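Worksheet: one structure, shown below.
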Amino acid sequence: MIEILSPSRVDRARRTGALVGDILQTLRRRTEVGTNLLTLDRWTKELIEEAGATSCYVDYAPSFGRGPFGHHLCTGVNDAVLHGRPRDQVLADGDLLSLDLAVTLDGVAADAAISFVVGEARPAESVALVEVTERALAAGIAAAQPGARTGDISAAIGAVLTGAGYRVNTEFGGHGIGSTMHQDPHVANTGRPGRGYPLRPGLLLALEPWVMADTDQLVTDADGWTLRSATGCRTAHSEHTVAITEDGPEVLTLPRAA
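Heads up, the sequence shown is in the UniProt record's numbering, so the first residue is 1 and it goes up one at a time.
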């Protein structure tokens with residue numbers, strides 16, 4: 001299903017997106033050496049409920065997972081890059097943490113992810129991984145112009161990732177979003193310009209470049225959810241929900257306050 005949202009529903013999406021951005025910013029601010037992943041999940045639950053919103057993850061049970069997910073936040077540490085199921089794990093100095101959050105408010109969903117290094121250590125490889133996913137995300141957003149196609153976004157993202165020397169996995173990527181979290185069209189993290197679904201005002205896309213330091217292969221944890229790099233290398237993931245408008249792309253999941 002592909003949804004084209006009315007202007008009033010895009011307004012509602014703006015509120016949802018701001019909430020997602022605010023929650024991720026709050027979690028990043030609270031995260032420190034010694035924070036438990038289950039504590040992050042509990043904080044997320046509290047923040048979602050305080051806002052009168054609903055988690056997209058708790059009852060999420062797609063074909064590729066061992067559902068339902070049962071938590072409010074995806075937490076990926078070091079080699080875990082996607083669908084990280086929170087567990088009893090304490091963060092250490094220098095850990096590379098990815099947080100992925102999707103909520104529904106007033107009938108419209110928004111989805112975003114951030115990656116950052118915990119504590120005072122700044123491993124060069126981790127910093128480079130985060131930086132390249134953020135640059136790729138910015139390039140994808142810039143390409144999300146009305147009249148362009150999803151392939152233009154994919155090509156822009158892929159050019160940044162491969163240009164930095166990373167291999168790109170195409171099993172998981174960006175996606176349409178609206179009344180539900182995951183919709184068509186799929187937006188791969190590499191592709192050919194001029195191909196794919198045409199971008200129209202009212203279309204919402206969750207764009208999410210992610211990379212692994214030395215592989216493009218994934219393995220799945222025994223929990224049936226957490227996806228890790230096949231080599232154990234570090235990983236990073238950045239994501240925003242973007243609305244296609246007559247005036248160009250609008251990022252909906254920026255936090256309202258730093």
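Each residue gets a CB set at the ideal place from its N, CA and C atoms; glycine is no exception. Remember, predicted model here, so these are calculated numbers, not experimental data.
Comparing alpha carbon positions, the residue from Leu40, Glu120, Asp22 and Gly196 closest to Ala112 is Asp22. Using a Cβ-Cβ distance cut-off of 8 angstroms, the segment 42 to 55 and the segment 12 to 32 are in contact, since at least three pairs of beta carbons, one from each stretch, lie closer than that value.
In the DSSP assignment, Ser115 is bridged to Ser98. Sequence-distant Cβ neighbours of Pro255 in its own chain, meaning closer than 8 angstroms and more than five residues away, are Ala18, Gly21, Asp22, Leu24 and Gln25. Going by beta carbons, Ile48 and Val108 fall outside the 7 angstroms limit. With fewer than three CB-CB distances shorter than 8 angstroms, the segment 196 to 209 does not count as touching the segment 114 to 127.
Straight-line spacing of the CA atoms in Met1 and Asp184 works out to 6 angstroms.
Pro249 sits away from Ile177, with the two beta carbons spaced by 7 angstroms or more.
It is roughly 11 angstroms from the alpha-carbon of Gly173 to the alpha-carbon of Val211.
Taken through DSSP and simplified to helix, strand or coil, Glu3 comes out as coil. Membership of Ser63 in any beta strand (DSSP E) is not indicated, and neither H nor E is assigned to it by DSSP.
Secondary structure at Glu49: helix, using DSSP grouped into helix, strand and coil.
DSSP, read as helix, strand or coil, puts Trp225 in coil. Asp41 sits in a helix when the DSSP states are folded into three classes.
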